[in-house]
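So the protein lines, in turn, are chains A and B.
Quick note, the first sequence lines up with residues 1 to 276 if you use the working numbering.
Quick note, the second sequence lines up with residues 1 to 169 if you use the working numbering.
For reference, the structure discussed in these notes is given below.
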Amino acid sequence: MSRLSPRKSFFLLSIVVVIIIVGMHLSAGNTYKLTPLESTIRDVLSPVQRVVTVVGVKISDFVTFPVRLYKVSEHNRQLEQQVVELEEKLSRYNEIRAENIRLKEQLAFKTSLVGQMKTESAEVVGREADNWFGIAIINKGSASGIRQDMAVITPAGLVGRVTNVTDHTAEVLLITDPRSGVGCLVQENRAPGIVEGVAGGRGVVNMVHISSDLTPKKGNRIVTSGYGSVFPKGIPVGTVQGTRREESGMFKTAVLETFVDFNRLEEVLVITSTNL
Amino acid sequence: MQPLFFLLLVLVTLILQTTALDYMAIYGVKPDLVLILAILNGFLRGTREGAFLGFSAGILQDLVSGGYFGLNALTKMVAGYLAGFGKDRLYRDNRVIAAGLTWVCTVWSQLVFYILLLLVNVSVPVVKALTYVILPTAFYNALVVLVIYAYYYHFCRGGPPGKGEYFNP
């Protein structure tokens, strides 16, 4: 660079910057395809990332061990109590589930409950590098039957959807990403709305465009509505923390707390098929 | 430090950034180590090399992360260039000054990031971008520089640091 005069190098730099900005703008809607170079890099890096992630988990577990130990006995008592309550609920649930399957078969109704889907489990090997987006890289790809636009969940709730697939990795767009939008319902009063991410790192999620007369209350549960073909119906997303009026005045926005802890995302399930 | 070695360091940092660094996140916000490298590099080498190596580091990150191509290249170039202004104007042996510079450069580069996001049709409300991303990242980056600056400085100049130097603010 030193051979160029400052003026020339500034000129060259401006050209590069302009080319990149124009290129970025034109390719903005097209990031769901990786170039061969990018997908090769990703396939090569994923085992390395996995090793570093596992080491990170181990170190984090080791460091936080005394703190966790301190609370564990009290927590244990609570959990034992819960187990008893939940076991009773579970037996009722199994009854209802069996009945549900039976009735659906009679009606030839396509099933949409999470417990009745085929899933492929995968480990999260990497996350986004910045605090803006919400992305996770998982260690299963097209070789394991994973395709673009499959829904990704954990037993706790909705995680996101698959956007890019390489042979042995897949990129998951989390629901906390500002580019994500998921059609959802308030479970209690069936009010529809769209769950949008705000800023990836902080894991803040809003449900927008809820009609004012169906404003959800604090603590209401939000589940996916199944509109559009990506997310099956009835996957839990989060609970309502509070609502406020949107700028247009016609709708309400609800701030949600997600069921999934996006800061500790280790294993996920990819829904590969919704047919029983 | 040779530029090639710098890029190798960026690559290693990138792998850490996307994996183990999640366990350092505070309320989901983590420091941007590659950005810190670009800023410190600019601070020690000046605007020209700061911008160039910031740009290279960003391109590398764009290749690895596979998002919008050029997004990180441009923002890291801005950071490296801005930090380069501090080279002859700011006192280099003080880590608090380095941390302050990191804060300022992070805020500016993240603002550029925000503007570029608008360009690719990703909209984040301004207030939320500031309070959830830009300012927390800037503070966290500055904190990290406060801790690692002495190591990095001596690593770049070569030779071990003097006794007790790391704990002298």
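Each residue gets a CB set at the ideal place from its N, CA and C atoms; glycine is no exception.
is_contact[residue i, chain C] using C-beta, thresh 8 Å
| i | result |
| --- | --- |
| Asn-76 (chain A) | You won't find chain C in this structure, because its protein chains are A and B. |
Sequence-distant residues of its chain with Cβ nearer than 8 Å to residue i (five each side left out)
| i | result |
| --- | --- |
| Trp-108 (chain B) | Val-78, Ala-79 and Leu-82 |
| Ala-142 (chain B) | Ala-99, Gly-100, Thr-102, Trp-103 and Thr-106 |
| Lys-128 (chain B) | none |
| Tyr-140 (chain B) | Ile-26, Val-29, Lys-30 and Pro-31 |
Residues near residue i in its chain [Cβ-Cβ closer than 6 Å; skip 5 each side]
| i | result |
| --- | --- |
| Gly-203 (chain A) | Thr-176 and Phe-262 |
| Thr-53 (chain A) | Val-125 |
| Ile-39 (chain B) | Ala-79, Ala-83, Thr-102 and Cys-105 |
| Tyr-114 (chain B) | Ala-129 |
8 Å contact criterion, which residue i and residue j should meet: CB distance rounded
| i | j | result |
| --- | --- | --- |
| Gly-157 (chain A) | Thr-253 (chain A) | The pair is not a contact, with the Cβ atoms about 20 Å apart (cut-off 8 Å). |
| Lys-217 (chain A) | Ser-225 (chain A) | Lys-217 (chain A) to Ser-225 (chain A), Cβ: 19 Å. No contact. |
| Ala-129 (chain A) | Leu-14 (chain B) | 7 Å |
| Thr-272 (chain A) | Gly-145 (chain A) | 6 Å |
| Val-205 (chain A) | Val-198 (chain A) | 7 Å |
Contact set for residue i: own chain, Cβ-Cβ below 7 Å, skip 5 residues either direction
| i | result |
| --- | --- |
| Tyr-91 (chain B) | Ile-97 |
| Leu-117 (chain B) | Val-124 |
| Arg-7 (chain A) | none |
Closer than 8 Å to chain B by CB, residue i
| i | result |
| --- | --- |
| Val-5 (chain A) | What sits at residue 5 (chain A) in the sequence shown is Ser, not Val. Cβ-Cβ to chain B under 8 Å: no for Ser-5 (chain A). |
| Leu-45 (chain A) | yes |
| Leu-276 (chain A) | Confidence at Leu-276 (chain A) is low in this model, with a pLDDT of 45, below 50, so its placement is unreliable and the value that follows should be read with caution. For Leu-276 (chain A), the answer is no, since every Cβ of chain B falls outside 8 Å of its Cβ. |
| Thr-53 (chain A) | yes |
| Lys-60 (chain A) | Looking at the sequence provided, one finds Ser at residue 60 (chain A) rather than Lys. Ser-60 (chain A) counts as touching chain B. |
| Asp-149 (chain A) | no |
| Val-204 (chain A) | yes |
| Val-159 (chain A) | no |
| Met-250 (chain A) | no |
| Val-17 (chain A) | yes |
| Leu-34 (chain A) | yes |
| Pro-178 (chain A) | yes |
C-beta atoms of residue i and residue j nearer than 8 Å
| i | j | result |
| --- | --- | --- |
| Ile-153 (chain A) | Val-268 (chain A) | yes |
| Pro-57 (chain B) | Leu-74 (chain B) | Reading the sequence as shown, one finds Ala at residue 57 (chain B) and not Pro. Not a contact, by the Cβ cut-off of 8 Å. |
| Phe-155 (chain B) | Gly-86 (chain B) | no |
| Ile-41 (chain A) | Gly-70 (chain B) | no |
| Arg-221 (chain A) | Thr-239 (chain A) | yes |
| Leu-60 (chain B) | Leu-111 (chain B) | no |
| Val-122 (chain B) | Pro-178 (chain A) | yes |
| Gly-200 (chain A) | Leu-174 (chain A) | yes |
Short CB-CB distance (under 8 Å) between residue i and chain A
| i | result |
| --- | --- |
| Gln-2 (chain B) | no |
| Ser-56 (chain B) | no |
| Ile-97 (chain B) | no |
| Ile-39 (chain B) | no |
| Asp-88 (chain B) | no |
| Lys-128 (chain B) | yes |
| Ile-148 (chain B) | no |
| Ile-36 (chain B) | no |
| Lys-163 (chain B) | Because Lys-163 (chain B) sits at a pLDDT of 44, beneath the cut-off of 50, its placement in the model cannot be relied upon, and the following sentence gives the value as read from the coordinates. No, no contact with chain A. |
| Thr-106 (chain B) | no |
| Gly-70 (chain B) | yes |
| Val-120 (chain B) | yes |
Does the segment 137 to 150 of chain A come close enough to the segment 35 to 52 of chain B that 3 or more CB-CB pairs lie under 8 Å? no
Touch test, the segment 208 to 223 of chain A against the segment 180 to 193 of chain A, Cβ-Cβ under 8 Å, three pairs minimum: The segment 208 to 223 of chain A, when compared against the segment 180 to 193 of chain A, does touch it at the 8 Å Cβ threshold.
Check whether the segment 57 to 75 of chain A touches the segment 99 to 119 of chain B, counting contact only when three or more Cβ pairs, one atom from each stretch, lie closer than 8 Å. no
Spell out a yes or no on whether the segment 233 to 249 of chain A and the segment 21 to 33 of chain B are touching, meaning 3 or more CB-CB pairs, one atom from each, closer than 8 Å. The answer is no - the segment 21 to 33 of chain B does not touch the segment 233 to 249 of chain A, with fewer than three Cβ pairs under 8 Å.
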